[in-house]
Amino acid sequence: MTTLASRSGVSSADLRRAVEVDGELSDKEIESIAAQLAVPTEAFFIDESPPLLQTIDFRTANPHVGKFEQGTLSAIAFVERISGALASLNLGTNIASSLAQIESSYTDAEAIKLAELWRERWGFTSDDQLDAINANAIYVNLREFIEGLGVIVIHRSFGTDEAAGIYTHFAGGPHAITINATGSSKARKLFTLAHEFCHVLIRAEGASNPSILTNRVEKFCNKFAAYFLAPDTVINRAINIYQYPRSADHDVIRRFAARLGISQEALVRRLVEVGSLTADDYAKWRSKFNGVTPPGDTTDNQNGGNVDPLQTKRTIYGSLLLSLLGQARAQGQLDDLDIYRLSGLKRKYQDQLFKIE
């Protein structure tokens, strides 16, 4: 209550009266509270509680439904809105049988074995990875693979780095991964995508930040992501090809990570595991950044230029969600205005993305 009062500008006393003794709030106060909770104002005036996602905060030692900043709440609300609509239309509910929930004790050995299994299913070889132009090429391939399994992958700018990604499954609706596009390079998004994919496999719904490891679920998903994206064969071949000097120097790590298309954090952990660096090397390297994302993993250092708005929309919404929305419009289940209200996608882009004449 105190936190909501502080964020909304409505006093704790007025909030308490409104909740406990039917006290009245002004329209402006109601709108402010709704904005901070990232829910429509109508949610306060219905008899039954609306179906909302209970988002677990996996940054904590004992994961529980957490308090998030408004940008993160807005991202969660966006997924709720999309997922609820698709569930009501019975769209996006089918996932591949291979995505049956994994039961795990969250050991390192289980994470590594699971990573090996899914790397093989992905079919992305060591040669593919070493020949990739950059992290974006690997990311696009992995995203396509995951969406092909029936999992929606969305990009949203949270405006905060408190969470890197969120995995949600709305009752009767689609499984969805939301990637935070704020202050994140493609290599970091790639690691987050692999990390959240592990959350899908073990059905651990919630918000994560792979840089914050305080519980066994996050450690398990990070171990999976590291071995999934950088198996021993890739690391050892890359060391030989690029003549890696076995150094934890930041610039050396940054350049080597860029060559492999993975985050610096993932690379250093894997270099320790294959014996090229020591645990002390990792600790010293990590201490340089005081718990923040290493420079080079926050942006892709790309210069401005001509931006293709259609490609931008494809990146934001993903091919699976666009396909489902296009299907709903083609079948008359949703019209262009419905889709705009749900997703913010304007009709002129819908027509081109859905190939509507």
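Numbering (UniProt numbering), first residue to last: 1 to 357.
Idealized CB from N, CA, C, for every residue including glycine.
- Using a Cβ distance threshold of 8 Å, Asn180 and Arg156 count as a contacting pair.
- Selection Ser11, Asn290, Ser247 evaluated against Val272 yields Ser247 as nearest (Cα-Cα).
- Buried is the label assigned to Ala328, since at least 16 other Cβ atoms lie within 10 Å of its Cβ.
- Taking a 10 Å sphere around the C-beta of His175, we find 16 or more other C-beta atoms and assign the residue as buried.
- Secondary structure of Tyr167 (DSSP, three-state): strand.
- Between Ser263 and Arg143, the C-beta gap is not smaller than 8 Å, which leaves the two residues out of contact.
- The beta carbons of Thr192 and Pro210 sit about 6 Å from each other, so the pair counts as a contact at 8 Å.
- In this structure the segment 320-339 lies against the segment 82-92, because at least three pairs of beta carbons, one per stretch, are closer than 8 Å.
- Asn290 counts as exposed, since fewer than 16 other beta carbons sit within 10 angstroms of its beta carbon.
- Counting only the Cα atoms, Gly71 lies some 6 Å from Gly159.
- Within the model, the alpha-carbon separation for Ala77 versus Leu277 is close to 42 Å.
- Excluding five sequence positions before and after Leu229, the CB atoms of its chain that fall closer than 7 Å to its own CB belong to Leu190, Phe191, Ala194, Ile262, Ala266, given in chain order.
- In the DSSP annotation of this structure, Arg156 is not part of any alpha helix (DSSP H); the continuous beta strand (DSSP E) holding it starts and ends at 151-156.
- Under the DSSP assignment, Ile339 falls in the alpha helix (DSSP H) whose first and last residues are 336-343.
- The alpha carbon of Ala283 has as its nearest neighbour, out of Asp128, Pro295, Gln311, His250, the alpha carbon of His250.
- Here the segment 233-246 makes no contact with the segment 103-114; the two share fewer than three CB pairs at distances below 8 Å.
- Taking the Cα positions, Leu130 is about 14 Å away from Gln243.
- DSSP, reduced to helix, strand and coil, places Ala176 within a strand of the structure shown.
- Beta-bridge annotation (DSSP): Val65 is paired with Ile56.
- Per DSSP, Ser185 has no beta bridge partner at all.
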